[in-house]
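Enquirer: Okay, here's the structure, questions in a sec.
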Amino acid sequence: MAKVWFVGAGPGDPELITLKAQKLIARADAILYAGSLVSIAATQWAKPGCIIQDSKGMTLEEITGWLIQQSTTDDATVIRLQTGDPGLYGALIEMVQPLDKAGIEIGVVPGVTSAMASAAAAVETLTLPELTQTVIFSRVEGRTPMPEGESLAELGQHHCTLCLYLSITLLKKVREDLLTAGWHDDSPIVVVHKASWPDDQQIIHGTLATIKELCKQAGINSQAMIIASPALGARYWPEIKKSRLYDAQFSHRFRKAIKTQE
Ligand code: SAH
5 MAKVWFVGAG PGDPELITLK AQKLIARADA ILYAGSLVSI AATQWAKPGC IIQDSKGMTL
65 EEITGWLIQQ STTDDATVIR LQTGDPGLYG ALIEMVQPLD KAGIEIGVVP GVTSAMASAA
125 AAVETLTLPE LTQTVIFSRV EGRTPMPEGE SLAELGQHHC TLCLYLSITL LKKVREDLLT
185 AGWHDDSPIV VVHKASWPDD QQIIHGTLAT IKELCKQAGI NSQAMIIASP ALGARYWPEI
245 KKSRLYDAQF SHRFRKAIKT QE
């Protein structure tokens, strides 16, 4: 039976694709990739004769139609190759439902999402003991309305780490909303453009007040992750609260605490 795989290609660097994805690509009969974001390099492992098409310019119906068409051959392995992880802003369910209706078997392979690649590029941690232990993946309201309770002005009130997708052209609103949520104009912000792309990655360090202008100067207006977090820049702090995981006084499943004299 044919099977359609929704495969996360990772954030851009072809070496950040999973082994599972690489193996599937190598045996795929047809690959439809999201051209605007997924580097063609991700298809470099395809076997000769594999049908490879860019989905740039295709509507949802055309995409699902193509996937269904390619699945008519018995035992075909068909791949929809998507940027980052397919479960984040990837229209996954919109594509899965028509395939379910057509009775086609489906699999999903997770990928490294761009928030993680951006944090890695900037050598930032998204969690730091006693400062922030929570990460919110979200976006700011633009043309796509946000569900109730999920506006940045509300989410920002948690003062935890925020990774904002699809929002680089909305930095004015990011600032307004975070100020409403009690953040300050000198709160640090990092923007990473094309995280992990071998030749194009750019990292911009700024504050809530300066980041919009800095991105404008750098010409960044697409494919960028905005990270706002009280943990940003921790690498350069003279002192940080250490994780208890490596604390000699702290027992866990794999290590007994060193007893200290009372
Ligand atoms: N499924 C993808 C997200 C798709 S939405 C994932 O898991 O990463 C597209 C948004 O993702 C862009 O607007 C941008 O905010 C972010 N993005 C994708 N690739 C990126 C990259 N290499 N560097 C920074 N941000 C990226």
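So the mapping is simple: this note's numbering equals the position in the sequence shown, first residue as 1, plus 4.
No residue lacks a Cβ here, since even glycine has one placed at the ideal position from N, Cα and C.
#1: Anyone know if the C-beta pair for residue 194 and residue 231 falls short of 7 Å?
#2: May I ask whether a heavy atom of ligand 1 can be found less than 6 Å away from the beta carbon of residue 92?
#3: With a CB to CB cut of under 7 Å and the five nearest residues on each side skipped, what residues in its chain are close to residue 238?
#4: Buried or exposed: where does residue 21 fall if 16 or more other Cβ atoms within 10 Å of its Cβ makes it buried?
#5: Should residue 106 and residue 72 be called a contact, given that it needs their Cβ atoms to be closer than 7 Å?
#6: Please check the pair residue 190 and residue 156, which I expect to be a contact at CB under 8 Å, by giving their CB distance rounded to whole angstroms.
#7: Along the chain, where does the alpha helix (DSSP H) that runs through residue 178 open and close?
#8: So which of 58, 35, 64 and 63 has the shortest CA-CA distance to residue 50?
#9: So, helix, strand or coil for residue 74, using DSSP?
#10: Where does residue 204 land, buried or exposed, given buried means 16+ other C-beta within 10 angstroms?
#11: I want to check one thing, is the minimum distance from the CB of residue 127 to the heavy atoms of ligand 1 below 6 Å?
#12: Across the region 108-117 and the region 5-17, are there enough close Cβ pairs to call them in contact, namely three or more that are closer than 8 Å?
#13: Figure out for me which residue from 183, 202 and 174 has the closest Cα to the Cα of residue 216.
#14: Can you find a heavy atom of ligand 1 that lies under 6 Å from the Cβ of residue 203?
#15: Would you mind listing the alpha helix (DSSP H) stretches within the region 58-127 that are 4+ residues and don't spill past its ends, in chain order?
#16: State yes or no: is the C-beta of residue 110 within less than 7 Å of the C-beta of residue 75?
#17: So is the beta-carbon of residue 16 under 6 Å away from any non-hydrogen atom of ligand 1?
#18: Once DSSP output is grouped into helix, strand and coil, what is the label at residue 147?
#19: Is the CB-CB distance between residue 83 and residue 11 below 7 Å?
#20: Can you give the Cα-Cα distance for residue 121 and residue 199, rounded to whole angstroms?
#21: Under the rule that 16 or more other beta-carbon atoms within 10 Å means buried, what is residue 345, buried or exposed?
#22: Of all the options 213, 222 and 192, which has the alpha carbon lying nearest to the alpha carbon of residue 206?
#23: State the beta-bridge partners of residue 168 as determined by DSSP.
#24: Look up residue 52 in the DSSP assignment and say whether it is helix, strand or coil.
#25: Cα separation between residue 100 and residue 248?
#26: Can we count residue 117 as close to ligand 1, meaning its CB is less than 6 Å from some heavy atom?
#27: If we ignore side chains and look at the alpha-carbon of each, how far apart do residue 209 and residue 162 end up?
Expert: In brief:
#1: With respect to the 7 Å criterion, residue 194 and residue 231 are classified as neighbours on the basis of their beta carbons.
#2: Yes.
#3: Cβ neighbours of residue 238 beyond the five flanking positions: 129, 132 and 244.
#4: Here residue 21 is buried. Its C-beta has 16 or more other C-beta atoms within 10 Å.
#5: Yes. Within cutoff.
#6: The pair is not a contact, with the Cβ atoms about 18 Å apart (cut-off 8 Å).
#7: DSSP places residue 178 in the uninterrupted alpha helix (DSSP H) bounded by 175-184.
#8: Cα-wise, what sits closest to residue 50 is 35.
#9: Collapsing the DSSP output to three states places residue 74 in a helix.
#10: By the 10 Å Cβ count, residue 204 comes out exposed.
#11: Residue 127 Cβ: outside cutoff for every heavy atom of ligand 1.
#12: Note that the region 108-117 touches the region 5-17; at least 3 beta-carbon pairs, one per stretch, sit closer than 8 Å.
#13: Closest option to residue 216, Cα to Cα, is 174.
#14: No; taking the cut-off as 6 Å, the Cβ of residue 203 has no heavy atom of ligand 1 nearer than that.
#15: The region 58-127 contains, as complete alpha helix (DSSP H) runs of 4+ residues, the segments 64-74, 96-105 and 118-125 (chain order).
#16: No.
#17: Checking every heavy atom of ligand 1 against the Cβ of residue 16, one is found closer than 6 Å.
#18: Three-state DSSP puts residue 147 in coil, outside helix and strand.
#19: In this structure, residue 83 sits near residue 11, with a CB-CB distance shorter than 7 Å.
#20: Approximately 6 Å, taken between the alpha carbons.
#21: Within the shown structure, residues of the chain are numbered from 5 to 266, placing residue 345 beyond reach of any answer.
#22: Nearest Cα to residue 206 within the set 213, 222 and 192: 222.
#23: According to DSSP, residue 168 bridges with 142 and 230.
#24: DSSP places residue 52 in coil when its eight states are reduced to three.
#25: If I take the Cα positions, the gap works out to 42 Å.
#26: Annotation for residue 117 indicates a beta carbon within 6 Å of some heavy atom of ligand 1.
#27: C-alpha separation (whole angstroms): 22 Å.
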